[in-house]
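Novice: One structure coming up, written as structure tokens, with questions to follow.
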Amino acid sequence: MTRLARRVSYRLFYGNAISYFISYGENGFRVGIEYRDDNRCRHIKRSFVTMQEYYAFRIQEREAEGNTLLLGGRLLQQYIVDAFTCIEEERLRWVRLNQLQLRCEVYEGLKDAVVRGETTPSSIGKRIVLPSSFTGSPRYMIQNFQDAMAICRWVGHPDIFLTFTCNAKWQEIQQLIQKTSGLKVEDRPDIIARVFKIKLDELMKDLRKGHHFGRVIAAIYTIEYQKRGLPHAHILLWLHADYKISSNDEIDKIISAEIPDLDEDPVGYSAVAEYMLHGPCGSAFRESPYMNRQTNSCSKHFPRLMIMDFLYIEEEMYLKDMLRNIDLTFIL
Numbered sequence: 001m002t003r004l005a006r007r008v009s010y011r012l013f014y015g016n017a018i019s020y021f022i023s024y025g026e027n028g029f030r031v032g033i034e035y036r037d038d039n040r041c042r043h044i045k046r047s048f049v050t051m052q053e054y055y056a057f058r059i060q061e062r063e064a065e066g067n068t069l070l071l072g073g074r075l076l077q078q079y080i081v082d083a084f085t086c087i088e089e090e091r092l093r094w095v096r097l098n099q100l101q102l103r104c105e106v107y108e109g110l111k112d113a114v115v116r117g118e119t120t121p122s123s124i125g126k127r128i129v130l131p132s133s134f135t136g137s138p139r140y141m142i143q144n145f146q147d148a149m150a151i152c153r154w155v156g157h158p159d160i161f162l163t164f165t166c167n168a169k170w171q172e173i174q175q176l177i178q179k180t181s182g183l184k185v186e187d188r189p190d191i192i193a194r195v196f197k198i199k200l201d202e203l204m205k206d207l208r209k210g211h212h213f214g215r216v217i218a219a220i221y222t223i224e225y226q227k228r229g230l231p232h233a234h235i236l237l238w239l240h241a242d243y244k245i246s247s248n249d250e251i252d253k254i255i256s257a258e259i260p261d262l263d264e265d266p267v268g269y270s271a272v273a274e275y276m277l278h279g280p281c282g283s284a285f286r287e288s289p290y291m292n293r294q295t296n297s298c299s300k301h302f303p304r305l306m307i308m309d310f311l312y313i314e315e316e317m318y319l320k321d322m323l324r325n326i327d328l329t330f331i332l
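Heads up, the final residue of the sequence shown is numbered 332 in the UniProt record's numbering, and it's a clean run with no missing numbers.
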């Protein structure tokens, strides 16, 4: 039996490989699955279902059907990873078989390589070029970087850097997880991804059209995933010239390192107290994960010095938020 990877297109492959999910041997994905004759599908130019659409269909909850797949826990995670691997392999296969359409002949040829002075063996001979339309490819990353730099050339440096983090305790996530007793949040990455994307879209809509920080003329963001599986987005905003931040008071209205007043802002107080407070450290808590074992001090430089006003240090290009000695405390 060979150990080399092989491409399998048999429609019953998944039924044989993961019988704990497909116990009756139903068909898996196959080429040629047609769309339903439905008004919702008439705007689609394709005639057949793609692999990504098929697997997205498989991991949806339906009241009239059993949800054995979605109750699989870590087996569901393995199923999703396998499905994504199949989707990406199919996309790579299309790129490999359609290099002529991508005009990749300009990258090939030993003579051209010698003329350019390339001496690395890996750059000589036939190449498989990934286009910028392939997510994660070098050309994809370069194109997005150049688009961001073009915005900077047009309107200058960004005014707001905002981080939006997924919270596993969101009400929408908890309500859906409670329906599947015995499962943890990390067992349903599909719910995490959907709820986060919906909230991110609403946040971007509020920032662009709600003028929360003023009129926004450009905005970009990138989504990253933490080691524990929760996504977060880094957002850059460019404000109109009439709404540029020009004073310390305006900065203090946007950024705060203080605990909000419980009477004036109870929602902000509870959020900061639950999610944004530094844990105990110092000589009394030497085993704290925040402690630097070599210097025997907090690696996050706590406790911070009290600052009565916003401070911007030119040499470090780093601002220090206003941190007044106010009578607001919270016991951890």
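We put the CB at the ideal spot given by N, CA and C, even for glycine.
Could you give the residue range of the beta strand (DSSP E) that holds A168?
Specialist: That residue, A168, is in no beta strand (DSSP E); it is neither H nor E in DSSP.
Novice: I191: which of L203, Q178, D252 sits nearest, CA to CA?
Specialist: Q178
Novice: So, does the region 210 to 224 touch the region 145 to 156, judging by three or more C-beta pairs under 8 Å?
Specialist: Counting C-beta pairs with one atom in each stretch, the region 210 to 224 and the region 145 to 156 have three or more that are closer than 8 Å, which means they touch.
Novice: Are the CB atoms of L162 and V129 within a distance shorter than 8 Å?
Specialist: no
Novice: Which full runs of the alpha helix (DSSP H) of 4+ residues lie inside the region 169 to 204, going along the chain?
Specialist: Whole alpha helix (DSSP H) segments, 4+ residues: 171 to 178.
Novice: Are the CB atoms of D159 and K244 within a distance shorter than 8 Å?
Specialist: yes
Novice: What residue range is occupied by the uninterrupted beta strand (DSSP E) comprising I220?
Specialist: 216 to 225
Novice: Can you tell me where the alpha helix (DSSP H) with P266 in it begins and where it stops?
Specialist: Residues 266 to 275.
Novice: Given a threshold of 16 other Cβ atoms within 10 Å of its Cβ, counted over all protein chains shown, does D242 qualify as buried or as exposed?
Specialist: Under the 10 Å beta carbon count, D242 is surrounded by fewer than 16 other beta carbons and is classified as exposed.
Novice: Can you tell which of S256, I254, I59, V272 has its C-alpha closest to the C-alpha of L262?
Specialist: The option with the nearest alpha carbon to L262 is V272.
Novice: Rounded to the nearest angstrom, what separates P280 and S288 at their Cα positions?
Specialist: 7 Å
Novice: Have a look at the DSSP bridge pairing and note the partners of P231.
Specialist: Y225
Novice: Give me, in chain order, the residues of the same chain whose beta-carbon lies closer than 7 Å to that of C86; leave out the 5 immediate sequence neighbours on both sides.
Specialist: M51
Novice: Cα-Cα, which of R127, L76, S137, I59 is closest to E88?
Specialist: Out of R127, L76, S137, I59, S137 has the C-alpha closest to the C-alpha of E88.
Novice: Can you tell me the Cα-Cα spacing of E186 and M204, whole angstroms?
Specialist: Taken atom to atom, the span from the alpha-carbon of E186 to that of M204 is near 26 Å.
Novice: By a C-beta neighbour count over all protein chains shown, 10 Å radius and 16 as the cutoff for buried, is L110 buried or exposed?
Specialist: Only weak support is given to the placement of L110: the predicted model assigns it a pLDDT of 48, under 50, and the value that follows is read from those uncertain coordinates. By the 10 Å Cβ count, L110 comes out exposed.
Novice: Note down the Cα distance separating D206 from L239, rounded to an integer number of angstroms.
Specialist: 14 Å
Novice: Using a threshold of 8 Å, state whether the C-beta atoms of V195 and I223 are closer than that.
Specialist: Between V195 and I223, the C-beta gap is not smaller than 8 Å, which leaves the two residues out of contact.
Novice: Taking 8 Å as the cut-off, decide whether the C-beta atoms of F29 and Y54 are in contact.
Specialist: yes
Novice: Using 8 Å as the threshold, is the C-beta distance between F164 and I235 below it?
Specialist: Closer than 8 Å, so yes.
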